[in-house]
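First the structure, in the form of structure tokens, and then the observations on it.
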Amino acid sequence: MDEKGISQAVIGRLPRYFRYLGELRDEGVERISSQELSELMHVTASQIRQDFNNFGGFGQQGYGYNVEYLYREIGKLLGLDKTHHLIIIGAGNLGQALGNYMNFERRGFILKGIFDKNPDLYGRKVRGIEVQPMEMIERFVKENDVDIAVLTIPKTGAVAVAEMLVANGIKAIWNFAHVDLNVPEGIQVENVHLSDSLMKLSYNLERYSRMKEKE
Ligand code: NAI
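Counting from 1101, one number per residue, gives the positions in the sequence shown under the numbering used here.
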């Protein structure tokens, strides 16, 4: 399968398919048609078929898709059949909140370590994991086979920290710092801006009020 031409928009929809299929599987549903999935997810059946065709269609035969198979295949595409080891850099409000959220582990994202530059935080525990000094990262990443770093520090210093992480073998960065990171090709970065989501909500709120005014 050639995954090169697949758009980020399609990739962005995969986690939602995965979630819905996981729920259907837990409910004991064995097969589902694209029409039924479309009604459940409020997207068109043709969008679902087009999305799935990017990955070979997932063998829809007879009546609909096999839920268990589709769930597993999408999980594999998302790399969720493997375990990933994470570290958090920045043990402030956001870093601690993410560290305390257990659900990532269900998906195979195992939090291994938390690091900060503030000595007052060393030894403080987040879900049983002690905050360590930044100087420990090099050894820790090697010993714990860490592939993903979660960056929850302010933008000042984030670029340099990201470079240091990559130099120490980190392959992917989940970046919450409000700055674009400068990483070599092959290193994956996913920028998260919660405020973007809030602004989208605000836009839709405004749009709805404008529409109502016109009625
Ligand atoms: P905070 O001030 O509670 O925590 C920041 C932590 O990072 C502190 O413990 C500090 O000692 C540590 N730190 C700072 N520079 C560091 C460095 N160079 N190396 C290692 N540790 C370092 O702040 P909070 O609320 O946890 O937010 C963290 C950052 O995330 C802020 O810059 C904020 O703007 C950003 N943020 C981003 C969001 C998003 O959606 N992308 C949402 C909320 C916050």
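C-beta: ideal position from N, C-alpha, C; glycine also.
Among the options, nearest to residue i - alpha-carbon criterion
| i | options | result |
| --- | --- | --- |
| Gly1190 | Val1167, Lys1176, Pro1219 | Pro1219 |
| Val1283 | His1293, Lys1271, Leu1294, Gly1157 | Lys1271 |
| Leu1221 | Gly1257, Asn1154, Arg1206, Gly1195 | Gly1195 |
| Gly1269 | Thr1256, Lys1176, Ser1295, Arg1239 | Arg1239 |
| Arg1206 | Gly1122, Arg1224, Glu1285 | Gly1122 |
| Val1129 | Ser1107, Asn1203, Tyr1163 | Tyr1163 |
C-beta atoms of residue i and residue j nearer than 8 Å
| i | j | result |
| --- | --- | --- |
| Asn1275 | Val1259 | no |
| Val1246 | Leu1186 | yes |
| Pro1115 | Leu1178 | yes |
| Ala1249 | Ile1273 | yes |
| Phe1209 | Ile1237 | no |
| Arg1149 | Ser1134 | yes |
| Lys1255 | His1278 | yes |
| Tyr1165 | Leu1140 | no |
Simplified DSSP assignment, three categories, for residue i
| i | result |
| --- | --- |
| Lys1314 | helix |
| Leu1137 | helix |
| Tyr1163 | coil |
Heavy atom of ligand 3 within 7 Å of residue i beta-carbon
| i | result |
| --- | --- |
| Thr1252 | Ligand 3 is not part of this structure, which contains only ligand 1. |
### Message
Which runs of the alpha helix (DSSP H) at least 4 residues long sit entirely within the region 1284–1310? Give them in chain order.
### Response
none
#### Entry: Segments of 4+ residues assigned as alpha helix (DSSP H) that fall wholly inside the region 1201–1271
1203–1206, 1237–1244, 1258–1267
### Task
Entirely within the region 1167–1193 and at least 4 residues each: give me those alpha helix (DSSP H) ranges in chain order.
1167–1177
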